[in-house]
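**Q** Pasting a structure here, questions to come.
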Amino acid sequence: MSRQLIRILGKKRGSRHSVSSKFGVIGNVAFSLTLLLLGLISGVVFLLDLPSGVTSWLLGIVILSFIGFGIQGLVTGLLGSRVGDGLRFSLTQNARRFDLTQKSKAARRLPNVPLIDTLLMSPGSTQSWRLPVTTGKPIEIISVIVFFATWTIVSLFLVGYSINQYRTTNHSGWSWWLPTLSLLPSIGFAVWSGRMLARELKDQINIDPLKVEVSHQPIYPGQTIDVAISQGGALYVRSLRLFLVCEEVTSYHQGTDVRTETLEILREQVFVQRRFEITSKSPLAETFTVTIPQDAMHSFHSNFNCLQWRFVSVGRYRDYAEIRRGFLLVVHPPFEDADDLNRSSGDAHEV
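Throughout, the numbering used here is defined as the position within the sequence shown, counted from one, plus 1.
Right, dumping it as structure tokens:
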């Protein structure tokens, strides 16, 4: 009976399943959290009453396996969901710094202009190229997970230690009620971080990501490109805005002290839509044109400063917090020939 029910709920239709991928992400995260909490609770009990002999080693291996599999499943589930999109792109960008095969003609010709190899790895469905998401909250979410796990371990240890000391020592001493007094702030931190983690995961899992696609790669000053945005799911959108942003990032080094300053040079609103609803039958799908200013500075990256172009989306949804995402653009220096500008099409040429 259960097997038939699973087949009905997860019926396969061609190359797709009728079950939403959200259920898989939620189930994976829930199972991994269960393993992790079970391992942490067992570890606290194990430390409070250490057995002797081979039993302690066997129990220790089992408990560490639960904790390890829980962390591994949690990280894998988050990286496999939308939470990991920005983190995977960041890792890819950092890995490119150590790739010695990038010494191509384009790199020698334009040594400080970012390469577009990473941008050409994602073809679009409406336009030629889909832009990668460069901003999100992967690091913040992982930090909240670590903070929540730390204070949960501390709270469980204090509970077990206080109970054990209360049973075995004199009640008039400091050994049992001092840890008990420390329970209130530790449990408060654990509950606060748990609620923050639940809110962040809810926003990331329930809201489908905004997709931005462009018709040309690379892009040049004065060029007009077609931009397509799309978003699915079931959402009521209070407002959705898309900005073309150019900003300069400078790093100041003085000994071991590093300070970074960001100056926004250009911020132009290219799309806005208010008070509309997104459903599975009527997803958001809009196409418009964007013109890069003729006198715009091209993208460049050096050791201490860089100038970067990107699209920034600001979405306000009912029952959810405001979500901001960035989509990287690379603007190349202008060609000497005006005819060469027309060669920049949906099929990216070799530069």
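For every residue, glycine included, the Cβ atom is placed at its ideal position computed from N, Cα and C. Predicted, not measured: the structure shown is a model, and the values here were computed from it.
Taking Ser252 and Asn113 to be in contact with their CB atoms under 8 Å, please state how far apart those CB atoms are, rounded to whole angstroms.
**A** Actually they do not touch by this definition, with Cβ atoms about 15 Å apart.
**Q** Taking the C-alpha atoms as reference points, what is the distance between Leu330 and Leu243?
**A** 14 Å
**Q** Just the C-alpha distance for Asp227 and Thr292, rounded to the nearest angstrom, thanks.
**A** 9 Å
**Q** Report the rounded CA-to-CA distance for Met298 versus Pro210, giving the unit in angstroms.
**A** Looking at the two C-alpha atoms, the distance is approximately 30 Å.
**Q** Would DSSP call Val332 helix, strand or coil?
**A** Strand at Val332.
**Q** Where DSSP assigns a beta bridge to His302, which residues make up the other side?
**A** Cys307
**Q** Do you know how far the Cα of Arg196 is from the Cα of His217?
**A** 43 Å
**Q** Tyr237 by DSSP, collapsed to three states: which one?
**A** strand
**Q** Taking Asp258 as part of the beta strand (DSSP E), name the residues at either end of that continuous run.
**A** From DSSP, the beta strand (DSSP E) with Asp258 extends over Asp258 to Ile279.
**Q** Between the stretch 255–262 and the stretch 229–245, can you find at least three pairs of beta-carbon atoms closer than 8 Å?
**A** No, they do not touch.
**Q** Answer yes or no: do Val30 and Leu65 have a C-beta to C-beta separation smaller than 9 Å?
**A** no
**Q** Please state whether the Cβ-Cβ distance between Val155 and Ser240 is less than 9 Å.
**A** no
**Q** Excluding sequence positions up to five away, which residues of its chain have a Cβ less than 6 Å from the Cβ of Asn148?
**A** First, the amino acid is wrong: residue 148 is Phe here, not Asn. So the qualifying residues of the chain are Ser194.
**Q** Rounding to the nearest angstrom, what Cα-Cα distance links Leu101 and Glu269 in this structure?
**A** Below a pLDDT of 50, predicted positions are generally treated as unreliable, and Leu101, at 39, falls in that range; no measurement from the model is reported.
**Q** Can you give me the C-alpha to C-alpha distance between Val134 and Phe328, rounded to a whole angstrom?
**A** Between Val134 and Phe328, the alpha-carbon positions lie close to 5 Å from each other.
**Q** Using DSSP bridges, identify the partner residues of Tyr221.
**A** Paired residue(s): none; Tyr221 is not in a bridge.
**Q** Taking all protein chains shown into account, decide if Glu141 is buried (16 or more other Cβ within 10 angstroms of its Cβ) or exposed.
**A** exposed
**Q** Between Leu48 and Ile68, which are expected to be in contact by the criterion C-beta below 8 Å, what is the C-beta distance as a whole number of angstroms?
**A** Rounded, the Cβ-Cβ distance is 13 Å, inconsistent with contact.
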